[in-house]
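S.K.: One structure is given below, represented as structure tokens, and several questions about it will come after.
Here it is, written out as structure tokens:
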């Protein structure tokens, strides 16, 4: 009897001592994974003047995740997205990430939007690196998540802004437009593009001809004439814009109105369809053409009109079949989504690659195995002309940059720079 | 019988009270402006220098090892601090590597001589007045950090302090004037009664002076004066008839 009581007490003490440890271990190992779900965390702009980017990225990704879930998920687990709106504001993004990592305990972070937001989130990933929380495929081409000291905590799919701006500069210089000015957002994103233009111009022995900035969150209704006047004084042959669609559309409008008749280029982050809609909706065709004929946008995914590409066909089919909508609680401002867009195509491709990585984790997915699963991707066929490979020191899947111009009411692939802009 | 009012005697006193309050108000305001302005200017300059030094120290690693967008992200966080209007970083040649200006770097700054360890006052058209503190990065060989504090914030703080001071002095002034009027009234009443009493005695109307006889019971100077008048009245010399027959 006495022996039984001692055993019971010993077992109780041992259990009491080991239970919190076992519980912590179990929580860590199972974070974001249940028998029925894999939970991914996303913080993006669903409100404010850049909400189109978050909404389109979400829609594209959801189209693919919906199909996977419809077909039984991954090892019987549905993919679930825990989403928060950061309005493209760094502080909100940091708070959302803390919530996702520490409270919601998601399996990984996916599909963040923007450089100023991601740049501020990266130190959090380093701080909690023992938990192996990685950021997958953020919608930004900036360098901080591609380089030390934070490059090890993120995986990128898209080409970088350095690659996009280098391509734009090289093409402009090739057709004789050597005086290149920059219009950019006054933050980390704008600076990232500015660095790209500066670096690319330096290779041609040139310097930035002129530069003007705008504040993040600028609306299309704002006047950007002061910026146009600053750049006009520099007499550029072309302007490269590194901004969001509302401000870049306002700049293009004011530039044309003030007679700055030079090619105006935008990088992929701009959200081409949103930009085009602002410049054309409610205008006469002649007016629309006047504002858009000199636009040239770089893209990090191919044209969604090119149905010869298998991934594009799949994207169009899934978008039509599932037509995903943003959860009602995140809809605070009116927004009419596009049937197809470059941003949603990027979201779709990111989701497709994400699913492949999750599949490679097997039946017992663990965060600690994520990196190895990513590195196992070698010449993976995403359905594009370019294969995807990752390795230690190679944390960006795609390298290709595409160039598009406006033809009627859509962006189409630019085939001949000379013919268009010489 | 109506008591004679002698408040005119104290008008100068009241005027003096007004003048004194005015002087106190103006002099303390000037002192306050000077004190608050120099204190805040000194504090803002110290803060700017601290912030500039902090950015300069952090920038070394970023400039040498990382992308400039990380540097931009760093300085963007500092302009969220109240009073800091702009931050810019130049390299050793004076080229702007990162800045927070919209729509662009002002010509006055772009055309100024590169500085690494100075404090200058700047008047930027369309932007305002600023104190700009510069600190070197890596002893200046990697460039410099420049932090601009809006002196308009200092002016606003001074205005607020003055506003509060004027508010307080106005209340004290009103209370002081009311108190002065009351005190003057209190002081002038016995003198008026003494005067009324003296006039009545002078007219030979001691009975008429009865309503104000209470003045004789006072222990103060007015009471003593009244008793003196009564003494003179009672011991006055017999009156000499005047040539015109009046007393």
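Residue numbers (our numbering), protein chains in the order written: chain A, 5 to 426; chain B, 1462 to 1708.
Ideal Cβ placement from N, Cα and C applies to all residues, glycine included.
Fair warning: this is a prediction, and the values are worked out from it, not measured in the lab.
Using a Cβ-Cβ cutoff of 7 Å, what residues of the region 1548-1566 of chain B are near chain A? List them in chain order.
M.R.: Answer set for the region 1548-1566 of chain B: 1559, 1561, 1562, 1563, 1564 and 1565.
S.K.: Mapping the DSSP letters down to three states, classify residue 431 of chain A as helix, strand or coil.
M.R.: The displayed coordinates of chain A run from 5 to 426. Any statement about residue 431 of chain A would go beyond what the structure contains.
S.K.: Taking C-alpha atoms, which residue in A:84, A:61 and A:56 lies nearest to residue 40 of chain A?
M.R.: The shortest Cα separation from residue 40 of chain A among A:84, A:61 and A:56 belongs to A:84.
S.K.: Between which residues of its own chain and residue 1539 of chain B is the CB-CB distance below 8 Å, once the five residues before and five after are set aside?
M.R.: 1512, 1516, 1545, 1548 and 1608
S.K.: Determine the direct distance from the alpha carbon of residue 1568 of chain B to that of residue 381 of chain A, and round the result to whole angstroms.
M.R.: 51 Å
S.K.: Under the rule that 16 or more other beta-carbon atoms within 10 Å means buried, what is residue 1696 of chain B, buried or exposed?
M.R.: Exposed, since its Cβ has fewer than 16 Cβ neighbours within 10 Å.
S.K.: According to the Cβ coordinates, are residue 431 of chain A and residue 1560 of chain B closer than 9 Å?
M.R.: Examination of residue 431 of chain A is not possible in this model, given that chain A is present from 5 through 426 alone.
S.K.: Are residue 254 of chain A and residue 222 of chain A close, meaning C-beta to C-beta below 9 Å?
M.R.: yes
S.K.: Any residues in the region 132-152 of chain A with a beta carbon nearer than 8 Å to a beta carbon of chain B? Which ones, in chain order?
M.R.: Hits within the stretch, in order: 146, 147, 148, 151 and 152.
S.K.: Quick check: residue 369 of chain A and residue 37 of chain A, are their CB atoms within less than 9 Å of each other?
M.R.: yes
S.K.: Is there at least one Cβ from chain B nearer than 9 Å to residue 264 of chain A's Cβ?
M.R.: no
S.K.: Quick one, which of A:313, A:275 and A:398 has its alpha-carbon nearest residue 55 of chain A's?
M.R.: A:275
S.K.: Mind checking if residue 1534 of chain B is an interface residue toward chain A, Cβ cutoff 9 Å exclusive?
M.R.: yes
S.K.: Would you mind working out which of B:1554, B:1504 and B:1610 sits nearest residue 1573 of chain B, comparing C-alpha positions?
M.R.: Of the residues B:1554, B:1504 and B:1610, the one whose Cα lies closest to the Cα of residue 1573 of chain B is B:1554.
S.K.: Establish whether the CB of residue 201 of chain A and some CB of chain B are separated by less than 9 Å.
M.R.: no
S.K.: Please check the pair residue 271 of chain A and residue 246 of chain A, which I expect to be a contact at CB under 8 Å, by giving their CB distance rounded to whole angstroms.
M.R.: That pair is a contact at about 6 Å.
S.K.: Across which residues does DSSP place residue 78 of chain A in a beta bridge pair?
M.R.: According to DSSP, residue pairing for residue 78 of chain A in a beta bridge involves A:81.
S.K.: List in chain order: all unbroken beta strand (DSSP E) runs of 3+ residues lying wholly within the region 318-379 of chain A.
M.R.: none
S.K.: Exposed or buried, which one is residue 1484 of chain B when buried takes at least 16 other CB atoms within 10 Å?
M.R.: exposed
S.K.: Does any residue of chain A have a CB that is nearer than 9 Å to the CB of residue 1531 of chain B?
M.R.: yes
S.K.: Could you please give the first and the last residue of the uninterrupted alpha helix (DSSP H) stretch that includes residue 1476 of chain B?
M.R.: 1472-1526
S.K.: Give me whichever residues DSSP pairs with residue 86 of chain A in a beta bridge.
M.R.: A:45
S.K.: How would you list, in chain order, the residues of chain A whose beta-carbon sits under 9 Å from the beta-carbon of residue 1526 of chain B?
M.R.: Neighbours of residue 1526 of chain B on chain A, chain order: 151, 152 and 153.
S.K.: Taking residue 431 of chain A and residue 362 of chain A to be in contact with their CB atoms under 8 Å, please state how far apart those CB atoms are, rounded to whole angstroms.
M.R.: What is shown of chain A runs 5 to 426, which leaves residue 431 of chain A out entirely.
S.K.: Is the distance from the Cβ of residue 173 of chain A to the Cβ of residue 268 of chain A below 9 Å?
M.R.: no
S.K.: Would the region 124-131 of chain A count as touching the region 146-160 of chain A if we require 3 or more Cβ pairs under 8 Å?
M.R.: yes
S.K.: Would you list, in chain order, the members of the region 227-253 of chain A that have their beta-carbon closer than 7 Å to a beta-carbon of chain B?
M.R.: 230, 231 and 234
S.K.: Distance check for residue 166 of chain A and residue 199 of chain A, CA to CA, integer angstroms please.
M.R.: 8 Å
S.K.: Closer than 9 Å, CB to CB, is residue 215 of chain A near chain B or not?
M.R.: Interface residue, yes.
S.K.: Based on DSSP bridge pairs, tell me the residues matched to residue 1454 of chain B.
M.R.: Any property of residue 1454 of chain B remains undetermined from this structure, which presents chain B solely from 1462 to 1708.
S.K.: Assuming residue 108 of chain A contacts residue 45 of chain A under a Cβ cut-off of 8 Å, what Cβ separation, rounded to an integer in Å, is found between them?
M.R.: Yes, they are in contact, since the Cβ atoms of residue 108 of chain A and residue 45 of chain A sit about 6 Å apart, within 8 Å.
S.K.: Tell me residue 1609 of chain B's beta-bridge partners as DSSP assigns them.
M.R.: B:1547 and B:1593
S.K.: State the DSSP-derived secondary structure class of residue 215 of chain A, mapped to helix, strand or coil.
M.R.: strand
S.K.: Hey, would you say residue 401 of chain A sits closer than 9 Å to residue 349 of chain A, going by beta carbons?
M.R.: no
S.K.: Should residue 409 of chain A and residue 346 of chain A be called a contact, given that it needs their Cβ atoms to be closer than 9 Å?
M.R.: no
S.K.: Can you confirm whether the region 1653-1668 of chain B touches the region 1627-1635 of chain B when touching is taken to mean that 3 or more C-beta pairs between the two stretches lie within less than 8 Å?
M.R.: no
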